[in-house]
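Student: Following this message is one structure expressed as structure tokens.
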Amino acid sequence: MKLDVAAVAHTAADAAGDVIQRYFRLLPEVETKSDDSPVTLADQGAESAIRAVLTTYTPEFGIIGEEMGGNATGRMTWVIDPIDGTRAFITGRPIFATLIALLDDGVPVLGLIDQPITGERWLAHDGRLHFTGRHGRPGTRRIFSLADAELSCTSPDMFSPAQRGQFSNLAGTCRRVTYGGDAYAYGLLALGQIDVIAEAGLKPWDWASIVPIIEAAGGAVTDWQGRRLALDGPGEVLALGDRAQRDAAIAALNQSAA
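Position 216 (the sequence shown) corresponds to 216 in the UniProt record's numbering; numbering is contiguous.
Right under this line is the structure:
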């Protein structure tokens, strides 16, 4: 029987969601990691729940997770972030997400974004995107130019001074900029609500799941130079709903370096 990796991802997300819902808005104790980012019992418990499912159904696959580390030990590797947007979680805002990706020799071939409080879930595999939720339909939107684009990023604080200048160049070409959302914003891009997202300092567990989702929705994901994202890359991510705007966005980001 062929292994249904999409079903495994769904099961793992369900397990994480059960943990997260038990802690949501109950003000769990917050610890601070070495990189000054917050972590809670919900993060740790959700990752443990995901790992339990993945090791049960795919014991031969590697696992890399934000909270517990790991290694890409073979061709197939799961990459997981139990709660992307822990700051949103600890302040009771349902814009965080559980992220699960499957990499085949370093290339994301499955991506899942789950928001367990709103009940929204995006899963892309084999070039097809499935969305579960009451509002919205999967698919990015086309725009005439970046002047019509809704641009988003989690926070300007994620940028170095040089990157902040680059982002400002891009923002100057777009219609409007909104902040906040973490990985949830990428789900909204896949529903045609956001047109461009530019972020920096991302780890593989932050971006691996979004690549199949955005691409299956009709968009594109690259780094700020237009290259495919890589595990050892710089952590700069550019996501676009309209692939035709990629060159213009990259040119805007690199205007100061030209």
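By construction, the Cβ of each residue, glycine as well, lies at the ideal position given by its N, Cα and C atoms. What you are looking at is a predicted structure, and each value in this text was computed from that prediction instead of being measured.
When the distance is taken between beta carbons, is R243 closer than 8 Å to A220?
Tutor: Position 220 of the sequence shown, counting from 1, holds the residue named residue 220. Position 243 of the sequence shown, counting from 1, holds the residue named residue 243. Yes, these two residues count as a Cβ contact at 8 Å.
Student: Are Y57 and V8 closer than 8 Å when you measure CB to CB?
Tutor: Along the sequence shown, read from residue 1 onward, the residue named residue 57 stands at position 57. Along the sequence shown, read from residue 1 onward, the residue named residue 8 stands at position 8. Result yes, Cβ atoms of Y57 and V8 sit closer than 8 Å.
Student: Per DSSP, C153 forms a beta bridge with which residues?
Tutor: Within the sequence shown, residue 153 is the residue found at index 153, counting from 1. Paired residues: Y179.
Student: Indicate whether residue 259 and L112 have their beta-carbon atoms separated by less than 8 Å.
Tutor: Summary: the structure shown does not reach residue 259, with the chain confined to residues 1 through 258, and so no result is reported for it.
Student: Which of the three DSSP states is assigned to residue 276 in this structure?
Tutor: Any question about residue 276 goes unanswered here, given that the chain covers just 1 to 258.
Student: Where Q225 and I250 are concerned, what is the direct C-alpha to C-alpha distance, given to the nearest angstrom?
Tutor: The residue given as residue 225 occupies position 225 in the sequence shown. The residue given as residue 250 occupies position 250 in the sequence shown. Computed Cα separation, rounded: 6 Å.
Student: Taking buried to mean at least 16 other C-beta atoms within 10 Å of its own C-beta, is A42 buried or exposed?
Tutor: By 1-based counting over the sequence shown, the position of residue 42 is 42. When all chains shown are included, A42 counts as buried.
Student: Take the Cβ of A162 as the centre, count every other Cβ of all protein chains shown within 10 Å, and call the residue buried at 16 or more, exposed below.
Tutor: The residue you call residue 162 lines up with position 162 of the sequence shown. Its Cβ having fewer than 16 others within 10 Å, A162 is exposed.
Student: In the DSSP assignment, find the alpha helix (DSSP H) that holds P212 and state where it starts and stops.
Tutor: Along the sequence shown, read from residue 1 onward, the residue named residue 212 stands at position 212. Counting along the chain, the alpha helix (DSSP H) containing P212 begins and ends at I210 to A217.
Student: Across which residues does DSSP place F131 in a beta bridge pair?
Tutor: Reading the sequence shown from its first residue, position 131 is the one you call residue 131. DSSP output for F131 lists W122 as bridge partner(s).
Student: According to DSSP, is W224 part of a helix, a strand, or is it coil?
Tutor: Residue 224 sits at position 224 when you count from the first residue of the sequence shown. Coil, per DSSP.
Student: Look up A239 in the DSSP assignment and say whether it is helix, strand or coil.
Tutor: The residue given as residue 239 occupies position 239 in the sequence shown. Three-state DSSP puts A239 in a strand.
Student: Given this structure, state the Cα-to-Cα distance separating residue 294 from Q21, to the nearest angstrom.
Tutor: There is simply no residue 294 to check, as the chain begins at 1 and stops at 258 in what is shown.
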